[in-house]
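Everything on this sheet refers to the single structure shown next.
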Amino acid sequence: MWMQDKPLLQEELGRTISQLIHAFQTTEAQHLFLQTFWQTMNREWTGIDRLRLDKFYMLMRMVLNESLKALKTQGWEERQIEQLLELLTTEILHPDSQAPSGVKSHFLEIFLEELSKVGAAELTAEQNLKFIEPFCTIAAWTPDSLVLHNITRGIFEAIVEQAPFAIEDLMNELDAQEEDEDGKSEDGDLEWDVPSKESGSLRGAAPNRHEEPPGDGEDSVGPVLQFDYEAVASRLFAVASQQGTPSQNRKRLYKVIQKLQDLAEGLFPEDDVLEKAYRKLQEDGQERRTKKRLLKSRSQNQPGKGGKEDSRPDPSSGSERRIRRRQRRRRGPGPEPTGPQEQPRGPGGRGARKKRRQLRAGARVKVAGCQEPQSKQRPPQRRK
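For the sequence shown, full-length UniProt numbering assigns the number 384 to the last residue and increments by one with no breaks.
What follows is the structure, encoded as structure tokens:
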């Protein structure tokens, strides 16, 4: 199986390995084979690369399917069911099993699906409850949040999602039984072939079960298990309400219990969840847009707010007055100039620097107390 890379040969090889369980004549030998298989998968799982994962996922699915078929050949005996479930929970879901998360997640994902394929036509609601009882117990006390999520999603929420199809299958079966009874009482084969409008008035004309086997339609989800939703909710509540149940487990299970109780009362809240959520999002968006329009209209109606021209500071404000005082102090006590106060500098800005140098040189001469040479003395300036 490790070296095989052709899909068709992988399926054939996986089928051959999984059907080895039927070669053993005793239940103990079959369980020893299953125990060895799951222990081997747990031990070697971390060494499987991602390119080989799919074929080993398929192998686990096939082995689980054949182990359920072995139960079917034994007539779904209660003792055999308990032994198989104990083996699977011990080797896969128990904390001491050392099973990797990938094995646990895949097992919880395919268990209900494979059970539906093998026993949907024969198992009763009471027997199906027996199959999911170990998952109720593990979901209540497991400290692993991933296992809790996978059990809730792969087992309990899958039951809730399949409830409409399970009820539809039950209605079709009851309609078929009524048609058989009517055909036998009237002793007419022609009327048995014609679909009855009264029996299928709730869902249209009832299909002929001999012409269209279940699961062949485009909208069919395949075989679906029947459950007593009130019994499942009671069993979950019994384990979730115990004192030692972790709070996060109890909170998650109570949500599932509420959904199961609604199903037991004939309520299907999942049908219009998306429609209600979409409608609520539309209403919330419309309310937000209305509020924005009202705020915008109010800001436009009030003078001095919301416009670009009114965004300047008020001249009479304290900050503007302080700015004016600082400007007056810099200019001095004289009258405010009417024109430009500084001469424009030349290129490089060197005009002001020359003036500073002349003032500094004159200051040094006065401080030294000596006179400049006659040739360098400046003529006295006449006062006007």
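Glycine included, C-beta positions come from ideal geometry on N, C-alpha and C.
*Quick one: does Leu263 have its CB under 8 angstroms from some CB of chain B?*
In the displayed structure, chain B is absent; only one protein chain is listed.
*Proximity winner among Thr245, Ser247, Lys259, relative to Ala233 (alpha-carbon distances)*: Taking the sequence shown and counting its residues from 1, one reaches residue 233 at position 233. Among Thr245, Ser247, Lys259, the Cα nearest to that of Ala233 is on Lys259.
_For Ser234, the first and last residue of its enclosing alpha helix (DSSP H)_ = For this step, residue 234 is matched to residue 234 along the sequence shown. Residues 229 to 240.
*For Ala139, count neighbouring C-beta atoms within 10 Å of its own C-beta (all shown protein chains included) and say buried if the count is 16 or more, exposed if not.*
Counting from one through the sequence shown, the residue named residue 139 turns up at place 139. So Ala139 ends up on the buried side.
*Rounded to the nearest angstrom, how far is the Cβ of Pro223 from that of Ala70, given a contact under 8 angstroms?*
For the purposes of this step, residue 223 is taken as the residue at position 223 of the sequence shown. For the purposes of this step, residue 70 is taken as the residue at position 70 of the sequence shown. Pro223 to Ala70, Cβ: 19 angstroms. No contact.
*Taking DSSP as the reference, what is the three-state secondary structure of Ala99?*
On the sequence shown, position 99 is the one that residue 99 refers to. Three-state DSSP puts Ala99 in coil, outside helix and strand.
*Who are the Cβ neighbours of Glu11 in its own chain at under 8 angstroms, not counting the five residues just before and after it?*
Position 11 of the sequence shown, counted from the start, is the residue given in the question as residue 11. Once the five neighbours on either side are set aside, the close Cβ partners of Glu11 are Met58.
*asked:* My assumption, with CB atoms under 8 angstroms, is that Leu68 sits in contact with Leu34. Please give the rounded CB distance.
replied: Counting from 1 along the sequence shown, the entry for residue 68 is found at position 68. Counting from 1 along the sequence shown, the entry for residue 34 is found at position 34. Actually they do not touch by this definition, with Cβ atoms about 11 angstroms apart.
*For the ligand MG, is there a heavy atom less than 7 angstroms away from the beta-carbon of His31?*
The ligand MG is not among the ligands present in this structure, which contains no ligands whatsoever.
*For the region 75 to 93 against the region 2 to 21, are there 3 or more C-beta pairs whose distance is under 8 angstroms?*
no
_Where Gly75 falls: helix, strand or coil (DSSP)_ = Walking along the sequence shown from the start, residue 75 turns up at place 75. Note: Gly75 maps to coil in three-state DSSP.
_Using CA atoms only, rank isn't needed, just tell me which of Glu113, Gln327, Trp38, Arg326 is closest to Phe156._
In the sequence shown, the residue the question calls residue 156 occupies position 156. Residue Glu113 is the option with its Cα nearest to Phe156.
*Any idea if Lys6 is buried or exposed, counting beta-carbon neighbours within 10 angstroms, 16 or more meaning buried?*
As a working mapping, residue 6 is identified with position 6 in the sequence shown. By the 10 Å Cβ count, Lys6 comes out exposed.
*Local conformation of Trp2 per DSSP, three classes*: By 1-based counting over the sequence shown, the position of residue 2 is 2. Reduced to three states, the DSSP call for Trp2 is coil.
*asked:* According to DSSP, simplified to helix, strand and coil, what is residue 387?
replied: Coverage of the chain is limited to positions 1 through 384, which leaves residue 387 absent and any answer about it impossible.
*What's the C-alpha gap between Glu287 and Asp54?*
Reading the sequence shown from its first residue, position 287 is the one you call residue 287. Reading the sequence shown from its first residue, position 54 is the one you call residue 54. Their backbone Cα atoms lie some 49 angstroms apart in a straight line.
*asked:* Taking its Cβ as the centre, do 16 or more other Cβ atoms sit within 10 Å of Arg293, making it buried, or is it exposed?
replied: Numbered from 1 along the sequence shown, position 293 holds the residue referred to as residue 293. Exposed, because fewer than 16 other Cβ atoms sit within 10 Å of the Cβ of Arg293.
*Would you mind working out which of Thr26, Leu295, Asn249 sits nearest Trp141, comparing C-alpha positions?*
As a position in the sequence shown, residue 141 is number 141, starting the count at 1. It is Asn249 whose Cα lies nearest to the Cα of Trp141.
*Rounded to whole angstroms, what's the CA-CA distance from Leu32 to Gln80? Just pull it up for me.*
Here residue 32 corresponds to residue number 32 of the sequence shown, with the count starting at 1. Here residue 80 corresponds to residue number 80 of the sequence shown, with the count starting at 1. The straight-line gap from Cα to Cα measures roughly 14 angstroms.
*Counting along the chain, where does the alpha helix (DSSP H) carrying Leu9 start and finish?*
Here residue 9 is taken as the residue at index 9 of the sequence shown, counted from 1. Looking at the DSSP string, the run of the alpha helix (DSSP H) that includes Leu9 is 7 to 18.
*Would you mind working out which of Val118, Glu126, Leu129, His106 sits nearest Asn150, comparing C-alpha positions?*
For the purposes of this step, residue 150 is taken as residue 150 along the sequence shown, with counting starting at 1. Here the closest residue by C-alpha is His106.
_Nearest-angstrom Cα separation, counted from Ala264 out to Arg252_ = One-based indexing of the sequence shown puts residue 252 at position 252. One-based indexing of the sequence shown puts residue 264 at position 264. When rounded, the distance between both Cα atoms is 19 angstroms.
*Considering only residues of the same chain and omitting the five flanking positions on each side of Asn101, which have a CB-CB separation below 8 angstroms?*
Position 101 of the sequence shown, counted from the start, is the residue given in the question as residue 101. It is worth fixing the name first, because residue 101 is Ser in this sequence and not Asn. Excluding sequence neighbours, Ser101 sits near Leu146.
*Tell me where the alpha helix (DSSP H) around Phe268 begins and ends.*
Taking the sequence shown and counting its residues from 1, the one referred to as residue 268 is at position 268. Neither: Phe268 is in no alpha helix (DSSP H) and is coded neither H nor E.
*asked:* Buried or exposed for Gln331, going by 16 or more other Cβ atoms inside 10 Å?
replied: Residue 331 sits at position 331 when you count from the first residue of the sequence shown. Residue 331 is actually Arg in this sequence, not Gln. Exposed.
*If you count every other CB in all the chains shown that lies within 10 Å of the CB of Ser116, and 16 or more means buried, which is it?*
Looking up residue 116 in the sequence shown gives position 116. With 16 or more other Cβ atoms within 10 Å, it is buried.
*Taking Cβ positions, are Tyr254 and Ala238 nearer each other than 8 angstroms?*
If you number the sequence shown from 1, residue 254 lands on position 254. If you number the sequence shown from 1, residue 238 lands on position 238. Cβ atoms of Tyr254 and Ala238: not closer than 8 angstroms.
*State the CB to CB distance for the pair Gly154 and Glu109, rounded to an integer number of angstroms; the pair is presumed to be in contact (CB under 8 angstroms).*
What you label residue 154 is simply residue 154 of the sequence shown in a count that begins at 1. What you label residue 109 is simply residue 109 of the sequence shown in a count that begins at 1. Indeed, because the Cβ distance is near 5 angstroms, the residues count as touching under 8 angstroms.
*With C-beta atoms as the reference, is Leu123 less than 8 angstroms away from Leu225?*
Here residue 123 is taken as the residue at index 123 of the sequence shown, counted from 1. Here residue 225 is taken as the residue at index 225 of the sequence shown, counted from 1. Yes; because the gap between Cβ atoms is below 8 angstroms, this pair is in contact.
*DSSP three-state call for Gln35: helix, strand or coil?*
By one-based count along the sequence shown, residue 35 stands at place 35. Residue state, collapsed to three classes: helix.
_Start-to-end residues for the alpha helix (DSSP H) that takes in Ala264_ = Taking the sequence shown and counting its residues from 1, the one referred to as residue 264 is at position 264. Start and end: 247 to 264.
*Considering only residues of the same chain and omitting the five flanking positions on each side of Leu13, which have a CB-CB separation below 8 angstroms?*
As a working mapping, residue 13 is identified with position 13 in the sequence shown. The answer, listed in chain order, is Met1, Gln4.
_Taking 8 angstroms as the threshold (C-beta atoms), are Leu295 and Ala231 in contact?_
Taking the first residue of the sequence shown as 1, we reach residue 231 at position 231. Taking the first residue of the sequence shown as 1, we reach residue 295 at position 295. Going by C-beta atoms, Ala231 is not nearer than 8 angstroms to Leu295.
*Buried or exposed: Gly244, going by 16 or more other Cβ atoms within 10 Å of its Cβ?*
Numbered from its first residue, the sequence shown carries residue 244 at position 244. Answer is exposed; the Cβ neighbour count stays below 16.
*Candidates Ser97, Lys291, Pro143, Arg324: which alpha carbon is nearest Thr36's?*
One-based indexing of the sequence shown puts residue 36 at position 36. Nearest option by C-alpha distance: Ser97.
_For Met62 and Glu168, what's the separation of their Cα atoms in angstroms?_
Taking the sequence shown and counting its residues from 1, the one referred to as residue 62 is at position 62. Taking the sequence shown and counting its residues from 1, the one referred to as residue 168 is at position 168. So the two alpha carbons sit approximately 29 angstroms from each other.
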